[in-house]
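Numbering (the numbering used here), first residue to last: 1 to 174.
Backbone N, C-alpha and C define an ideal beta-carbon position, used for all residues, glycine too.
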Amino acid sequence: MSDTPIPPWYKQFWPWFLLGLLFSSILFSTGFAIMSIKSYDGMVVQEDYYEHGKAINMVLAKQERARELNLSADLRIDPLTSDIVIDLAGDARPDKLYLDLIFPTEDDRDQSFVLEHVREGRYITQGPDNLRYRWYLQIQPVQGDDAEWRLIGEARFPNEASVALLPGGRSESE
Numbered sequence: 001m002s003d004t005p006i007p008p009w010y011k012q013f014w015p016w017f018l019l020g021l022l023f024s025s026i027l028f029s030t031g032f033a034i035m036s037i038k039s040y041d042g043m044v045v046q047e048d049y050y051e052h053g054k055a056i057n058m059v060l061a062k063q064e065r066a067r068e069l070n071l072s073a074d075l076r077i078d079p080l081t082s083d084i085v086i087d088l089a090g091d092a093r094p095d096k097l098y099l100d101l102i103f104p105t106e107d108d109r110d111q112s113f114v115l116e117h118v119r120e121g122r123y124i125t126q127g128p129d130n131l132r133y134r135w136y137l138q139i140q141p142v143q144g145d146d147a148e149w150r151l152i153g154e155a156r157f158p159n160e161a162s163v164a165l166l167p168g169g170r171s172e173s174e
């Protein structure tokens, strides 16, 4: 047996190392909990899958109806005046068009516009200033779920080129 004195536990390395691991894990988990509470996006929980499935089928039926009517549209947003101009081609010419700009991740940034028919398939309204980032686009003849048809697309702004809106496919800037 050795006669060297054993120092008390608080003067040894391993207890402090293990306590340091414990306290650092508590510190990091608390930080992550605070970040998750502050950045809650509200889009994770979906309670009624059946209703969501029915809504998807309605959207597909509206897009199929737009395809039957040979509808397509070109959307342009003037960078200077922020005018939204839509040229609608096909067998339907409603008096107004309803445009929804849908932000992919934050539903509080979504915007809706009513476009007035001015001549031969051209619709115009005043748009938002300084539109940026990627958006999903939807055009319908009436507001809400009662629309007969719907054209959809996707665009990244600012964009001086026109964006094609089609019955069921992704749109691309020209």
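Check: Straight-line CA distance for residue 17 to residue 36?
Finding: Start at 1 with the first residue of the sequence shown, and residue 17 comes out as number 17. Start at 1 with the first residue of the sequence shown, and residue 36 comes out as number 36. Rounded to whole angstroms, the separation of the alpha carbons of residue 36 and residue 17 is 28 Å.
Notebook entry, point to check: What is the DSSP secondary structure of residue 127, reduced to helix, strand or coil?
Noted result: On the sequence shown, residue 127 is found 127 positions in, with the first residue counted as 1. Residue 127: coil per DSSP, three-state reduction.
Next item on the list: Enumerate, from N- to C-terminal direction, the unbroken beta strand (DSSP E) stretches of 3 or more residues contained entirely within the stretch 43-95.
Entry: Runs found: 72-77 and 83-89.
Check: Where do the N-terminal and C-terminal ends of the beta strand (DSSP E) with residue 152 fall, by residue?
Finding: Indexing the sequence shown from 1 puts residue 152 at position 152. Judged by DSSP secondary structure, residue 152 falls within the beta strand (DSSP E) whose first and last residues are 151-157.
Next item on the list: Within 10 angstroms of the Cβ of residue 20, are there 16 or more other Cβ atoms? Answer buried if so, exposed if not.
Entry: In the sequence shown, the residue the question calls residue 20 occupies position 20. Classification of residue 20: exposed, given that the 10 Å Cβ count is below 16.
Note to self: Since residue 86 and residue 123 should fall inside the 8 Å C-beta cutoff, what is the C-beta to C-beta distance between them, to a whole number of angstroms?
What the structure shows: Here residue 86 corresponds to residue number 86 of the sequence shown, with the count starting at 1. Here residue 123 corresponds to residue number 123 of the sequence shown, with the count starting at 1. The pair is a contact, with the Cβ atoms about 4 Å apart (cut-off 8 Å).
Checklist line | alpha helix (DSSP H) segment containing residue 135, residue limits | finding: Within the sequence shown, the letter at position 135 stands for residue 135. Element bounds for residue 135: not the alpha helix (DSSP H) but the beta strand (DSSP E), 133-140.
Margin query: Count Cβ pairs between the stretch 155-165 and the stretch 114-134 that sit closer than 8 Å; are there 3 or more?
Written below: With the cut-off at 8 Å, the stretch 155-165 and the stretch 114-134 touch.
Next item on the list: Count the other C-beta atoms from every protein chain shown that fall within 10 angstroms of the C-beta of residue 62, then say buried if there are 16 or more, exposed otherwise.
Entry: As a position in the sequence shown, residue 62 is number 62, starting the count at 1. Buried: at least 16 other Cβ atoms inside 10 Å.
Next item on the list: Would you decide whether residue 144 is buried or exposed? Buried here means 16 or more other CB atoms lie within 10 Å of its CB.
Entry: The residue labelled residue 144 in the question sits at position 144 within the sequence shown. By the 10 Å Cβ count, residue 144 comes out exposed.
Item checked: Cβ shell of residue 193 (< 7 Å), same chain only, five flanking positions each side left out -> With the chain represented from 1 up to 174, any question about residue 193 goes unanswered, as that position is not in the structure.
Margin query: Could you compute how far the alpha carbon of residue 25 sits from the alpha carbon of residue 10?
Written below: For this step, residue 25 is matched to residue 25 along the sequence shown. For this step, residue 10 is matched to residue 10 along the sequence shown. Approximately 21 Å, taken between the alpha carbons.
Notebook entry, point to check: Terminal residues of the continuous alpha helix (DSSP H) containing residue 33?
Noted result: Working through the sequence shown from its first residue, we reach residue 33 at position 33. Residue 33 -> alpha helix (DSSP H) spans 13-38.
Next item on the list: May I ask you to list the residues that DSSP assigns as paired with residue 102?
Entry: Counting from 1 along the sequence shown, the entry for residue 102 is found at position 102. In the DSSP assignment, residue 102 forms a beta bridge with 136.
Notebook entry, point to check: With 16 other CB atoms within 10 Å as the buried threshold, where does residue 146 fall?
Noted result: Indexing the sequence shown from 1 puts residue 146 at position 146. So residue 146 ends up on the exposed side.
Notebook entry, point to check: What distance in whole Å lies between the Cβ atoms of residue 97 and residue 111, which are believed to be in contact at a cut-off of 8 Å?
Noted result: On the sequence shown, position 111 is the one that residue 111 refers to. On the sequence shown, position 97 is the one that residue 97 refers to. Not really, about 14 Å apart at Cβ, beyond 8 Å.
Next item on the list: Report, in whole angstroms, the separation of the C-beta atoms of residue 127 and residue 82, which I expect to be a contact under 8 Å.
Entry: For the purposes of this step, residue 127 is taken as the residue at position 127 of the sequence shown. For the purposes of this step, residue 82 is taken as the residue at position 82 of the sequence shown. Residue 127 to residue 82, Cβ: 4 Å. Contact.
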